[in-house]
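Notes to accompany the following structure.
2 protein chains.
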Amino acid sequence: MHKLTVGVGFQPAPYPQMLGSCRTIGGRLGEKGIPLDSAFKICFTLMQQRKFSLFGGKLREAVTLSDVAREAGVSPSTVSRVINGTARVKPGKREAVLRAIERLHYHPNILAKGLAQGRSLTIGVVTQEISSPYYGEMLKGVEQALEKTPYHPIFASGHWRADQEEAALKVLVGRQVDALVVMDGSVPGELLLELVKTMPVVVVGRNIPGLPCLGIDNVQGALEGTRHLIELGHRRIAHIAGPQSHPDAIERLQGYREALQQGGIAFDPALVVEGDYLEPSGLMAVESLLARGALFTAIFAANDQMAYGANVALYRRGIRVPQDVSLVGFDDLPSSSYFTPPLTTVRQPGLEMGWEAARLVLALLEGRSYTPRNLSTRLVVRESTALLRSPGVRVPHAVP
Amino acid sequence: MHKLTVGVGFQPAPYPQMLGSCRTIGGRLGEKGIPLDSAFKICFTLMQQRKFSLFGGKLREAVTLSDVAREAGVSPSTVSRVINGTARVKPGKREAVLRAIERLHYHPNILAKGLAQGRSLTIGVVTQEISSPYYGEMLKGVEQALEKTPYHPIFASGHWRADQEEAALKVLVGRQVDALVVMDGSVPGELLLELVKTMPVVVVGRNIPGLPCLGIDNVQGALEGTRHLIELGHRRIAHIAGPQSHPDAIERLQGYREALQQGGIAFDPALVVEGDYLEPSGLMAVESLLARGALFTAIFAANDQMAYGANVALYRRGIRVPQDVSLVGFDDLPSSSYFTPPLTTVRQPGLEMGWEAARLVLALLEGRSYTPRNLSTRLVVRESTALLRSPGVRVPHAVP
DNA sequence: AGCCGTTTTGAAAGCGCTTTCATTTTTGCA
DNA sequence: TGCAAAAATGAAAGCGCTTTCAAAACGGCT
Numbered sequence: 033m034h035k036l037t038v039g040v041g042f043q044p045a046p047y048p049q050m051l052g053s054c055r056t057i058g059g060r061l062g063e064k065g066i067p068l069d070s071a072f073k074i075c076f077t078l079m080q081q082r083k084f085s086l087f088g089g090k091l092r093e094a095v096t097l098s099d100v101a102r103e104a105g106v107s108p109s110t111v112s113r114v115i116n117g118t119a120r121v122k123p124g125k126r127e128a129v130l131r132a133i134e135r136l137h138y139h140p141n142i143l144a145k146g147l148a149q150g151r152s153l154t155i156g157v158v159t160q161e162i163s164s165p166y167y168g169e170m171l172k173g174v175e176q177a178l179e180k181t182p183y184h185p186i187f188a189s190g191h192w193r194a195d196q197e198e199a200a201l202k203v204l205v206g207r208q209v210d211a212l213v214v215m216d217g218s219v220p221g222e223l224l225l226e227l228v229k230t231m232p233v234v235v236v237g238r239n240i241p242g243l244p245c246l247g248i249d250n251v252q253g254a255l256e257g258t259r260h261l262i263e264l265g266h267r268r269i270a271h272i273a274g275p276q277s278h279p280d281a282i283e284r285l286q287g288y289r290e291a292l293q294q295g296g297i298a299f300d301p302a303l304v305v306e307g308d309y310l311e312p313s314g315l316m317a318v319e320s321l322l323a324r325g326a327l328f329t330a331i332f333a334a335n336d337q338m339a340y341g342a343n344v345a346l347y348r349r350g351i352r353v354p355q356d357v358s359l360v361g362f363d364d365l366p367s368s369s370y371f372t373p374p375l376t377t378v379r380q381p382g383l384e385m386g387w388e389a390a391r392l393v394l395a396l397l398e399g400r401s402y403t404p405r406n407l408s409t410r411l412v413v414r415e416s417t418a419l420l421r422s423p424g425v426r427v428p429h430a431v432p
Numbered sequence: 033m034h035k036l037t038v039g040v041g042f043q044p045a046p047y048p049q050m051l052g053s054c055r056t057i058g059g060r061l062g063e064k065g066i067p068l069d070s071a072f073k074i075c076f077t078l079m080q081q082r083k084f085s086l087f088g089g090k091l092r093e094a095v096t097l098s099d100v101a102r103e104a105g106v107s108p109s110t111v112s113r114v115i116n117g118t119a120r121v122k123p124g125k126r127e128a129v130l131r132a133i134e135r136l137h138y139h140p141n142i143l144a145k146g147l148a149q150g151r152s153l154t155i156g157v158v159t160q161e162i163s164s165p166y167y168g169e170m171l172k173g174v175e176q177a178l179e180k181t182p183y184h185p186i187f188a189s190g191h192w193r194a195d196q197e198e199a200a201l202k203v204l205v206g207r208q209v210d211a212l213v214v215m216d217g218s219v220p221g222e223l224l225l226e227l228v229k230t231m232p233v234v235v236v237g238r239n240i241p242g243l244p245c246l247g248i249d250n251v252q253g254a255l256e257g258t259r260h261l262i263e264l265g266h267r268r269i270a271h272i273a274g275p276q277s278h279p280d281a282i283e284r285l286q287g288y289r290e291a292l293q294q295g296g297i298a299f300d301p302a303l304v305v306e307g308d309y310l311e312p313s314g315l316m317a318v319e320s321l322l323a324r325g326a327l328f329t330a331i332f333a334a335n336d337q338m339a340y341g342a343n344v345a346l347y348r349r350g351i352r353v354p355q356d357v358s359l360v361g362f363d364d365l366p367s368s369s370y371f372t373p374p375l376t377t378v379r380q381p382g383l384e385m386g387w388e389a390a391r392l393v394l395a396l397l398e399g400r401s402y403t404p405r406n407l408s409t410r411l412v413v414r415e416s417t418a419l420l421r422s423p424g425v426r427v428p429h430a431v432p
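What follows is the structure, given as structure tokens:
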């Protein structure tokens, strides 16, 4: 075991700009005659571990708080105090510290800070699918709310499966998040109740007794959406339901039924098809309705994505929306107002929900209390719904 | 300054379940007669700092690696070795350690690990807008690729503005990410070249000499999209361009022009309108084309979202797609196949791009080399394009 | 039994920052 | 001018983990 000096001067593929900026560094190696590429590996590993960084063209050690302290001629404690404003520091020294920070391009190591303070300044967010436009809006809300705070969100997806959701939670907790925001999902409430003993947990879109929950009234929303159709004269209204394993889907179905009841319309199970909240299932739902000869003049879908799918199915058959069949969605995704025809839908304020959830979490973290704004659904009437043309007349589409 | 004992037994708003699980703990306080709520705050703060956690109904210290070591009757080093598999450990002790971990419900503190190892096991991803369906796909790809690895992505958005993008980069670097994936954007290349001296950086959707880039051929894609229209007999093809500050938008415009040239069609600047990649701008673009009496039988939009907007504008005017005007987009967002009419578009493999970017980053982190799969665009012909009905005839829509 | 080369282990020194506690300096006032 | 109180500072002990280095245990020989 000797201390050897490794000269690095070659150029590995993806790092052409490294050429010329590496210089001879000391490394501990097991033997002489190290092949060049392993020498590079050592160099690279050191860099990665932040033992060194290439800066201004030459290799130097990463700058730490003590470096700043030395440079400014004060103790590390003082530097810490200046940075965090946790105690008064004489203006003179403060200036010196700030100048040193500037000069050395110092950036605090947030991991070290986290370790010392026992918190990570990170908030875990569990969504079902990060690429879904619905969660996209919520995440954007979270991101915005956290923007000016020292906290940063980190995401993990549950893919609408309780086990994966649980895994996502585990990952986030393992990453030492300071708090959790759980969006929808079907993970057992007990698990969350267990978690909340350790850190603040806010639930969005579900109601779990004992936890701060932020939800909309799905029953009411679905009721309004369906009522809108009834008011337009529709009586045979199909419902494309969400997966009945999800509470919100159940509630929306319930709202649909209540509206029917209020409108004096008998509930017909044959007009309800269960989907999975994704576009294809909306398409399939309409196909299956048509296939079994169901008669309807309007569709209320439990979310916009399924409404999109339904619309395609209708389009394929030459059934026009809204002239022949009216269509109502739920969510009001950003793209729904640019759908053709622009979709009438029950607006769910995704962005605001994300925002409020984040604000609430922040408040809990700081021990403040916070009453989130009321988040209610709102019917947005666009162009996918129309008065029933000839009330009482049978649906205008042929059954195959 | 006395050591006092604080009894906590009341119930602050959002934590009903805390009632009964708090018990008397020791805390250091400045004075006697502490009001109950500040007592709670202390308790809460301690919990947050993981000094304690409520577990099994009673307060206990958070379990650390040394606890496991003690429980298993070995040294911390050995526990570490068992957990990380970094060295051989006698089967007997290994078992003991594993049992102790099990028994104590031990979870390693990833922050401490990160600090000690000089890395965070975190990969920073800069997108333009987290809620955009296009980035959603890429993020999903990144998430998937990182799933079985110890790494986890963290996101920050640049909102299509160089300054915010730079801020996003700063945030991520400040969070000690081990590597960066930068998606599109317009942050100066030099900044990234500076960053790559510190950590691996992979760029998606842009080409910056000196950096590993993962991009598609925008020129070729746009060329194919436009050519498709030409092959259908269209000669007056409008283009809704992306923001010309973005390289990809420029390239797509170029592809459009090349296709025209190859088709022997003169380029008409009056048929090009610049948008901002969002739906409203697509709508505006068509409005403005119509307003100034431009004649066209087809539209090639630089992305799907603008195509959506264009489609609405056409729909409003009673101009039918594809009977009156053909429409081609770019991206192939998940929702485009459920658009009405299903959108013909140039597919950009968002998910794969995210995936490959993440794989590449992993390879760089591990010092391996990796050649990403070739990511090319592909024209997806759906139902928004059709043969020009009466070639040579003027556009079928009235100019207001 | 004694010796040597492996394997296994544990002690201890960090990683970069915070925070307590004691010490030094400054200030206000007699 | 001197003294007590207040303000400012620094030394040092962690935070929970890794990793080096040296010591201990082991196994196979002679």
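The listed protein sequences derive, respectively, from chains A and B. For the first sequence, our numbering begins at 33 and goes up steadily by one. For the second sequence, our numbering begins at 33 and goes up steadily by one. Note that beta-carbon positions come from the ideal geometry of N, C-alpha and C, so glycine has one too.
- Against chain A, the CB of Asn116/B has no partner CB under 7 Å away; the residue lies outside that interface.
- Between the region 408-424 of chain A and the region 254-265 of chain A there are three or more inter-stretch CB-CB distances shorter than 8 Å, so the stretches are counted as touching.
- Sequence-ordered contacts of the region 355-384 of chain B with chain A read Leu365, Pro366, Ser367, Ser369, Tyr370, Phe371, Thr372, Pro373, Pro374, Gly382, Leu383 [C-beta pairs closer than 9 Å].
- For Leu212/B, the enclosing beta strand (DSSP E) begins and ends at 211-215.
- Going by DSSP, Pro185/A is part of the beta strand (DSSP E) stretching over 184-189.
- CA-to-CA, the gap between Leu365/A and Pro404/A works out to about 22 Å.
- One alpha carbon belongs to Thr230/A, the other to Val209/A, and they sit about 11 Å apart.
- Of all alpha-carbon atoms in Glu388/B, Ala101/B, Phe362/B, Thr372/B, the one lying nearest the alpha-carbon of Arg352/A is that of Thr372/B.
- Scanning the region 236-287 of chain B from its first residue to its last, the whole beta strand (DSSP E) runs of 3-plus residues come out as 269-273.
- Contact residues of the region 183-203 of chain B toward chain A are His184, Pro185, Ile186, Phe187, Ala188, Ser189, Lys202, Val203 (C-beta to C-beta distance below 9 Å).
- Among the residues of chain B, those whose CB is under 8 Å from the CB of Leu143/A are Leu143, Gly146, Leu147, Ser152, Gln208, following chain order.
- Ranked by how close their Cα comes to the Cα of Gln276/B, the residues Asp300/B, Leu321/B, Glu290/B, Ala334/B have Ala334/B in first place.
- Nearest CB-CB separation between Pro301/A and chain B: not below the 7 Å threshold.
- Within chain A, the residues Ser163, Pro165, Gly168, Ser367 have their CB atoms less than 8 Å from the CB of Pro165/B, given in chain order.
- Three or more beta-carbon pairs separated by less than 8 Å link the region 189-208 of chain B to the region 154-166 of chain B, which places the two stretches in contact.
- Think of a sphere of 9 Å around the beta carbon of Glu311/B: the chain A residues whose beta carbon falls inside it are Pro366, Ser367, Ser369, Tyr370, in chain order.
- CA-CA distance, Ala342/B to Lys172/B, rounds to 28 Å.
- Within chain A, no residue has its CB atom less than 9 Å from the CB of Leu178/B, the nearest being about 10 Å off.
- Residues of chain A with a Cβ closer than 7 Å to the Cβ of Glu175/B are, in chain order, Ile162, Ser189.
- When the five nearest sequence neighbours on each side are left out, the beta carbons in the same chain lying within less than 8 Å of the beta carbon of Ile248/A are those of Gly237, Gln380, Pro381, Met385, Leu407, Ser408, Thr409, in order along the chain.
- Around the CB of Phe328/A, 16 or more other CB atoms lie within 10 Å, so the residue is classed as buried.
- In terms of Cα proximity to Ser401/A, the closest of Pro244/A, Thr377/A, Trp387/A is Pro244/A.
- Contact between Val318/B and Ala281/B fails: their C-beta atoms lie close to 18 Å from each other, not under 8 Å.
- Inclusion of Ile272/A and Met338/A in the CB contact set at 7 Å is warranted, their separation being smaller than that value.
- In this structure, the CA atom of Ala389/A is about 19 Å from the CA atom of Ser152/A.
- By a beta-carbon distance limit of 8 Å, His139/A does not contact Ile186/B. Their separation comes to about 16 Å.
- Sequence-distant partners of Leu310/B (beyond 5 residues in either direction) whose C-beta falls short of 8 Å from its own C-beta, in its chain, are Gln337, Met338, Gly341.
- Residue pairing for Leu359/A: DSSP places it in a beta bridge opposite Ile331/A.
- Straight-line measurement puts the Cα of Glu169/A at about 36 Å from the Cα of Ala326/B.
- The beta-carbon distance between Ala211/B and Ile155/B, rounded to whole angstroms, is 5 Å. This is short enough to meet the 8 Å contact definition.
- By the C-beta criterion, the region 111-124 of chain A is judged not to be in contact with the region 98-116 of chain B, since fewer than 3 inter-stretch pairs fall below 8 Å.
- By the criterion of a C-beta distance shorter than 6 Å, Arg268/B is surrounded in its chain by Leu327, Phe328, Thr329, once the five residues flanking it on both sides are discounted.
- Annotation for Val157/B: the continuous beta strand (DSSP E) segment containing it runs 154-159.
- Excluding the 5 residues flanking it on each side, Glu226/A has no same chain C-beta neighbour closer than 8 Å.
- Taking Pro354/A as the centre and dropping the five residues before and after it, the same chain places the C-beta of Ser416, Thr417, Ala418 closer than 6 Å to its C-beta, in chain order.
- Of all residues in the region 327-342 of chain B, only Tyr340, Gly341 place a beta-carbon less than 7 Å from a beta-carbon of chain A.
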